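First the structure, in the form of C-alpha cells, and then the observations on it.
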C-alpha cells in the first residue's frame, strides 16, 4: 500500500486558515484496562477558550511514520477550519500499547467508545465527534457508528464495506479471493509486528517489540478457517442490521476501487446517507488517480459544519447519489484521466434506471429470447491473469489489460454494434440455466466494451461459488448433470457505451488468481432460453439535475517535508513456461524509502507477490507473498522480512508464514507458523 500524495497542477495548497493551528504530538489516551493509545491532535490554538467539535481518524497504519505524509495534508486542514482533528493508532499498532490480534475486533470498537468519553472531558472539545476514514478507517467508522455512542454525530466513510464476507478482500461470491486473501493477510502480518519508537515509549520498546513478534498471528489462518458466512464475518458487517446506524453517513468510493458496490447498498439502506462515486482508485478524492480529482476536503467541511456545528450548508438538499459516468476508453493498465460526466440521482434504487436484456445465442448476444443447443464452458486454469488487481491503489499496472488476451480462455458472446450510445449505472446481472459435471464449481462472468477497432475493455465482472447458490452460510454440493438456475451480480459500473461499440459477455468456470480454483477441472453446460441472459442497468439522462453538479478544485494542507531516499518502482509480469506449461504472475512493488525531516524517521517497504498455476491442474495453484519493511532513525534501525505461502490439495489448504526481524542488521527473531485447514466448498 502506497501512502503518497500525487502532484497536481489543479490542487491548491492552503497555508492561510480561519484559525491558527496547534499540533499536539504523542498524546496518550488512557483506556480503562490500563493500556494507552497514541494520538496526534491538530486543533485551533484558541480551542480551550472556544471549544470545537472533534474529528477522529482511527487506523493501524502508524501515524508517526508510514501515514505521516498523508495525514499532513488533511488533519491540519480540518483544524484550520475550526475542528480538533485527531489521528490515533489503534491498540497494538504504532506507538499504542498491546498487540493487534485480528481485523475489526470488538476491542477496537470498545477502545473507540472510551476515546469518545475522553474527548468529551477535554477543555477544547464541545463533545460532538465525527469520524472519517478510508479502507480500515472507513470500515471501523461504520462499525463504531453501529455502537450508538451519543457523542458520535456523523461519519464519512471511504472505500469501505458494509459486508465483511461477501464484499471484502477475503471472499467474493463465496469464492476464496486468491488475489488478496493471502496478500492482505501477509500485509497485516508484517505491518502489525513493527516496533514502537524508543524516543516515544522509552526503553520498553524492545521488550514490547519482541512480544509483538512472538504473538502477532498470521491473520490468514483465522480467515481461511471461516470459509462460509458465519458469526465471525457477521461481526462488524453493518448489513446485518442497517437500523443500528441512525446518524448521517457520507459514503464515498471510485470505479477503480474494490469497494464501490457498498456505496449503492448503503445509500439504499441507511436513511441519513448520501453517496459519491468518482473515477478514482482506493484513495481520497482530493489526491486520487485518475483525474478528475475534486475538492473533497471542502465537501467534508460542508458535511462537518452541517452535522457537527449545526450550520445549514445545504447538504440536506444534496442528491442521494452523485456518480461519474466514464466515457468509453481503450484498455490501459493505468489512466491519468478518465473523461466523463457527473450525474445525480435523488434516490437509490433510482427511477432513472431501466433494465435492458441480452439473451445468449451461439456466440452472440441477442435482444430477443433465443433457443438452440446448450453451450459448453470448459476450464482453462490460467484464465484471469490479465484481470488487473482486485483493489487498485493507483499504482502503474493496476488495471486490466486488453481482454482479447483473456477471451480465448473463456466462452464469449458478442452483441451487434449498438445503434445508440447508452449510459450504464448500477449492477449488471447475469442469469443462467446450467449444469455442472462436478459437485464443486464456480462461474466467473466478465462484461466488456468492444471497440470497432477490436480492443476489449473490461468494465465489470462478477463470480459465484455455485455451491453457494442458495446461501453463503450453508453451501451444498451440486448434483452433476442436474439443471440449476443462478444469478451472478457483477460489480457496479458507471459507464458510457458509444454507438458502434459492441458488448461482450465472457463466461468461465475459472478466474485465477481472483478465485481459488475448484478442486477438479469443471465443465459447465449453459442452456439458452428465457432464463439465460445479461441484464444491464441503463440510465436515462436527467439534464437539469445532472448539469447542476459541480465540485471545487482540490485543496489540501501543505505536505510535510521529506527526503526521498529510494524511488518507487513497480513491475507486473505474466510469464508462461511452455515446456512445463506453468503460468506465473509476478507483482513487485518497491514502495520506496523516505526520511521524514520533522522526526528523522526513515521508513520503506518492498512487496512481491507471485501467483502460479499449471494448465489443466487446479491443485497446482500457489500464492506467495513477501514483505520487507524498514523503520528507524540514526543508530536505531529495524527491519522485518516475511514470507507467506498458500497451496491446496483436493481436501485441504496449506498455509506457511515466516517472520524474521533484524535490529541494526542483526537477526533477533525468527518464527514459522504452519497450518492445515480443511476446504469447505471452496
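Residue numbers (the working numbering): 333 to 1014. Note that the Cβ used here is the ideal one computed from N, Cα and C, for glycine as well. Here the structure is a predicted model, which is why all the values come from computation and not from measurement.
According to the DSSP assignment, residue 410 belongs to the alpha helix (DSSP H) that extends over 407 to 412. Excluding the 5 residues flanking it on each side, residue 479 has same chain C-beta neighbours closer than 7 Å at 441, 445, in chain order. Following the DSSP letters along the chain, one finds residue 683 in no alpha helix (DSSP H), marked with neither H nor E.
In the three-state reduction of the DSSP assignment, residue 356 falls in the strand class.
With 16 or more other CB atoms across the displayed protein chains lying within 10 angstroms of its CB, residue 936 is buried. The criterion of a C-beta distance shorter than 8 Å is not satisfied by residue 452 and residue 416. The shortest CA-to-CA distance from residue 369 to any of 533, 651, 844 is the one to 533. Shortest Cα-Cα distance from residue 607 to any of 437, 625, 591, 581 involves 581. Contact annotation: residue 822 and residue 850 have beta-carbon atoms that are not nearer than 8 Å. By the Cβ test, the stretch 831 to 849 is in contact with the stretch 695 to 714, since at least three Cβ pairs between them sit closer than 8 Å. For residue 385, the enclosing beta strand (DSSP E) begins and ends at 384 to 391.
Note: residue 607 is bridge-paired with 583, 653 in the DSSP secondary-structure output. The way I'd put it, the stretch 612 to 625 doesn't touch the stretch 775 to 795; fewer than three beta-carbon pairs between them come closer than 8 Å. In this structure, the alpha-carbon of residue 372 lies about 37 Å from that of residue 824. Three or more Cβ pairs closer than 8 Å define a contact, and the stretch 543 to 560 falls short of that threshold against the stretch 585 to 594. Judged by DSSP secondary structure, residue 938 falls outside any alpha helix (DSSP H) and instead within the beta strand (DSSP E) spanning 933 to 946.
Buried is the label assigned to residue 495, since at least 16 other Cβ atoms lie within 10 Å of its Cβ. Residue pairing by DSSP places residue 908 opposite 915 in a beta bridge. 8 Å or more divides the Cβ of residue 507 from the Cβ of residue 886. Scanning 716, 903, 521 for the CA closest to the CA of residue 922 turns up 903.
For residue 672, the beta-bridge partners assigned by DSSP are 658.
For residue 401, the enclosing alpha helix (DSSP H) stretches over residues 400 to 404. Assignment of beta-bridge partners to residue 374 by DSSP yields 355, 417.
Beta-bridge annotation (DSSP): residue 763 is paired with 819, 865. Using a Cβ distance threshold of 8 Å, residue 470 and residue 655 do not count as a contacting pair. 476 is the residue among 955, 683, 476 whose C-alpha sits nearest the C-alpha of residue 443. Taking one beta carbon from each stretch, the stretch 656 to 669 and the stretch 507 to 518 have fewer than 3 pairs nearer than 8 Å; the two do not touch. The alpha carbon of residue 760 has as its nearest neighbour, out of 503, 770, 777, the alpha carbon of 777. Under the three-pair Cβ rule at 8 Å, the stretch 867 to 877 does not count as touching the stretch 896 to 910. When DSSP states are grouped into helix, strand and coil, residue 989 belongs to the strand group. Rounded to the nearest angstrom, the Cβ distance from residue 779 to residue 835 is 7 Å, consistent with a contact under 8 Å. Taking C-beta atoms as the reference points, residue 985 and residue 1011 count as a pair closer than 8 Å. Burial is judged here by how many other beta carbons sit within 10 angstroms of a residue's own beta carbon; residue 993 has at least 16 and is buried.
In the structure shown, residue 503 falls within a strand segment according to DSSP collapsed to helix, strand and coil.
Short of 6 Å from the beta carbon of residue 975, and not among the five residues preceding or following it, lie these beta carbons of its own chain, in chain order: 958, 990. In this model, residue 386 and residue 653 are separated by some 26 Å (Cα to Cα).
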